[in-house]
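One structure below.
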Ligand code: SF4
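Residue numbers (this note's numbering), protein chains in the order written: chain E, 1 to 170; chain V, 1001 to 1418.
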């Protein structure tokens, strides 16, 4: 995982649900790149044309509410989103993102569409390069940071299984 | 400082002393997936190093969302679950005709018991709190992780204490209590938190009513909805539970982030109007003409719910402009309803009755709504397009409201028409 992220802001409001992120009719694949083609297709069809690798979503409260579909964080990752900054996240979306390796930051920041952000994940700061303002956030707890750094929960699981196997072999 | 039920169960399973806010890895008793969420979990599992064996005694596989197979795609999906069960010799797989809606089946088949930690790749896994378990919904990838290593990271939630005292009026049930609470605290009112229930109203409820309450914790953003287990739970479990269990209770001086009290007498038959479960109103104030009535789901598809509706429909016919669907949640519920003559009552009242499936509850099949149609349902979600067309509407209510409304052709308070 990169410790410093730099990207341009794509802005959303409150209660962005997983149906908005990726509508149910496109849940026929788990491939992030395929899913990304229909990310926000109903509420913001231009999304796929403006999003660039490394962009950062800045949103309001309760981001990712609704169903437990993992396709939502996958679609964002496929679109190149490097992290989501929101005032709060819905619980299962939060878990799914961490477990798939998508960085989430809970923080109330001031930023407009298109502003450039500089995020220091270890240091816990977000700088808005346009306004110069700096916002502080509480970094993820160590255990979750470890999962994100490894690239998701399954990589962590592989490590646990490896340890078990080498233990058994001894 | 004392501990809540959630802190104690998660602490027991993690083998450490925990308090709210902490993140720990805990041993999971059971992990459940359904036909929709199972497939991505199986795919993740298959990516693990060759020879990885699942903790098969912890896994429960329940096809219920799109079975009996709705179409070719769902048939393929269901087949993948069957194949996974066969490949790894997983005994707890419940084929069509042997099972039913996952959450009711988990309870009936004795997987759920006080003090257990159960996770499921379905958001209404929180239902099992009604029996004093800590249970919560997770994603498919983490379900695969539990299958592989038997444990999962969890953040210990803060708890909200909800107390209900007093006598409920006629035709007011557990469903009305939870709709009333969600209407009060909102869809984010319990975000990341566990709800714990107390008071003599809750103590006097049937287990079935308590399950309706725990089932909808997620509709307030909650992680769990827990009711301290009592004799009703122990008796229910006597003939069904698998293995031993240890009931867990909160300490007298446990810390609650919020405490709310309700008077049962203030709770009327309640309806959640479109498009949020928190958009509640007394049934008497929702005068809406309906096209469909739906009795079923993990919220209200139990024998107790069918009895309530059958008593109202007995010897009558539903309104000619309404179609009513009755979907017992499991095979056991269906058989019991057959024995008690309830199926006969529904048939004679002109209801459509079918075997267990999630089907119409999630807008899957078997009861989809057309443009502009309105349905009063005993289910738990009324989001935009939940049961069909994006311009259709779902009104959430208890079984008595649904049955009485089917007779009248519009949403009514049963107390006013019966
Ligand atoms: S009955 Fe409805 S709410 Fe319950 S598990 Fe099935 S689809 Fe989900």
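Backbone N, C-alpha and C define an ideal beta-carbon position, used for all residues, glycine too.
heavy atom of ligand 1 below 7 angstroms from residue i C-beta
| i | result |
| --- | --- |
| residue 1064 of chain V | yes |
| residue 978 of chain V | No information on residue 978 of chain V is available, as it lies outside the stretch 1001 to 1418 that chain V covers here. |
| residue 1297 of chain V | yes |
| residue 1101 of chain V | yes |
| residue 1305 of chain V | no |
| residue 1379 of chain V | yes |
| residue 65 of chain E | no |
| residue 1122 of chain V | yes |
| residue 979 of chain V | Chain V is shown only over 1001 to 1418; residue 979 of chain V falls outside these bounds and no answer can be derived. |
| residue 1351 of chain V | no |
| residue 1126 of chain V | no |
| residue 1358 of chain V | yes |
Of the listed residues the options, nearest to residue i (C-alpha basis)
| i | options | result |
| --- | --- | --- |
| residue 1301 of chain V | V/1365, V/1281, V/1334 and V/1239 | V/1334 |
| residue 1004 of chain V | V/1258, V/1105 and V/1188 | V/1258 |
| residue 1139 of chain V | E/104, E/38, E/95 and E/123 | E/95 |
| residue 1156 of chain V | V/1029, V/1041, V/1012 and V/1124 | V/1012 |
| residue 1275 of chain V | V/1038, V/1123, V/1386 and V/1188 | V/1386 |
| residue 108 of chain E | E/162, E/22 and E/57 | E/57 |
| residue 1091 of chain V | V/1035, V/1051 and V/1060 | V/1060 |
| residue 71 of chain E | E/45, E/22, E/43 and E/87 | E/22 |
| residue 117 of chain E | E/135, E/50 and E/98 | E/135 |
| residue 1317 of chain V | V/1348, V/1344, V/1343 and V/1308 | V/1348 |
| residue 36 of chain E | E/78, E/59 and E/50 | E/78 |
| residue 984 of chain V | V/1382, V/1204 and V/1197 | Residue 984 of chain V lies beyond the stretch modelled for chain V, which goes from 1001 to 1418, so this question has no answer here. |
| residue 1180 of chain V | V/1191, V/1194 and V/1164 | V/1164 |
| residue 1375 of chain V | V/1356, V/1354 and V/1403 | V/1403 |
| residue 1248 of chain V | V/1146, V/1407 and V/1229 | V/1229 |
| residue 84 of chain E | E/105, E/65 and E/111 | E/105 |
| residue 34 of chain E | E/73, E/61, E/114 and E/16 | E/73 |
| residue 121 of chain E | E/110, E/137 and E/115 | E/137 |
| residue 1417 of chain V | V/1126, V/1269 and V/1372 | V/1269 |
| residue 1064 of chain V | V/1330, V/1236, V/1215 and V/1397 | V/1330 |
| residue 54 of chain E | E/125, E/97 and E/4 | E/4 |
| residue 1261 of chain V | V/1177, V/1255, V/1352 and V/1405 | V/1177 |
| residue 1364 of chain V | V/1069, V/1042, V/1016 and V/1342 | V/1069 |
| residue 959 of chain V | V/1062, V/1119 and V/1102 | In the structure as shown, chain V begins at 1001 and stops at 1418. Residue 959 of chain V is therefore absent and cannot be evaluated. |
| residue 157 of chain E | V/1160, V/1149 and V/1162 | V/1149 |
| residue 1321 of chain V | V/1190, V/1409, V/1047 and V/1381 | V/1409 |
Nearest-angstrom Cβ-Cβ length linking residue i and residue j, presumed shorter than 8 angstroms
| i | j | result |
| --- | --- | --- |
| residue 1201 of chain V | residue 1168 of chain V | 6 angstroms |
| residue 1283 of chain V | residue 1411 of chain V | 6 angstroms |
| residue 1327 of chain V | residue 1152 of chain V | With a Cβ gap of about 32 angstroms, residue 1327 of chain V and residue 1152 of chain V do not count as contacting. |
| residue 1378 of chain V | residue 1278 of chain V | With a Cβ gap of about 18 angstroms, residue 1378 of chain V and residue 1278 of chain V do not count as contacting. |
| residue 1210 of chain V | residue 1109 of chain V | That pair is no contact at about 18 angstroms. |
| residue 1112 of chain V | residue 1093 of chain V | Between residue 1093 of chain V and residue 1112 of chain V the Cβ distance is about 17 angstroms, and since that is not below 8 angstroms, they are no contact. |
| residue 1281 of chain V | residue 1273 of chain V | 6 angstroms |
| residue 63 of chain E | residue 90 of chain E | 7 angstroms |
| residue 1044 of chain V | residue 1144 of chain V | 4 angstroms |
| residue 1359 of chain V | residue 1367 of chain V | 6 angstroms |
| residue 1101 of chain V | residue 1031 of chain V | With 8 angstroms as the limit, residue 1101 of chain V and residue 1031 of chain V do not qualify as a contact, their Cβ atoms being about 18 angstroms apart. |
Where residue i meets chain A, residues with beta-carbon distance less than 7 angstroms
| i | result |
| --- | --- |
| residue 137 of chain E | The chain labelled as chain A is not found among the protein chains of the depicted structure, namely E and V. |
Closer than 7 angstroms: residue i CB and nearest ligand 3 heavy atom
| i | result |
| --- | --- |
| residue 1085 of chain V | What this structure holds is ligand 1, not ligand 3. |
Q) Between the region 91-113 of chain E and chain V, which residues of the former have CB atoms less than 8 angstroms from a CB of the latter, in chain order? A) 91, 92, 95, 96, 99 and 100
Q. Which residues, in order along the region 54-72 of chain E, keep a beta-carbon less than 9 angstroms from a beta-carbon of chain V?
A. 61, 62, 65, 66, 67, 68, 69, 70 and 71
Q: Using a Cβ-Cβ cut-off of less than 9 angstroms, list which residues of the region 147-168 of chain E approach chain V; keep chain order.
A: Per Cβ criterion, the list reads 147, 152, 153, 154, 156, 157, 158, 160, 161, 162, 164 and 165.
Q: Closer than 9 angstroms, Cβ to Cβ, to anything on chain E: give me those residues from the region 1184-1202 of chain V, in chain order.
A: 1187, 1188, 1191 and 1192
Q.
Which residues of the region 1139-1151 of chain V have a Cβ closer than 8 angstroms to any Cβ of chain E? Give them in chain order.
A. 1139, 1140, 1141, 1142, 1144, 1145, 1148 and 1149
Q | Residues of the region 1352-1368 of chain V with Cβ closer than 7 angstroms to any Cβ of chain E, in chain order | A | none
Q: Select from the region 1277-1292 of chain V all residues with a C-beta closer than 9 angstroms to any C-beta belonging to chain E, and list them in chain order.
A: none
Q. Going along the region 1116-1139 of chain V in order, which residues come within less than 8 angstroms of chain E, judged by CB to CB distance?
A. Shown in chain order are the members of the region 1116-1139 of chain V whose Cβ falls below 8 angstroms from a Cβ of chain E: 1121, 1122, 1123, 1137, 1138 and 1139.
**Q.** Cβ-based contacts, 8 angstroms cut-off: residues of the region 1056-1081 of chain V near chain E
**A.** The residues in question are 1073.
Q: With 7 angstroms as the limit, tell me which residues of the region 1039-1054 of chain V have their beta carbon closer than that to any beta carbon of chain E; keep them in chain order.
A: 1040, 1043, 1044, 1047, 1048, 1049 and 1052
Q: Compile a chain-ordered list of the residues in the region 1221-1238 of chain V whose CB is closer than 8 angstroms to at least one CB of chain E.
A: 1221 and 1223
Q | Interfacial residues, the region 1007-1034 of chain V to chain E, with Cβ spacing under 7 angstroms | A | Listed by position along the chain: 1023.
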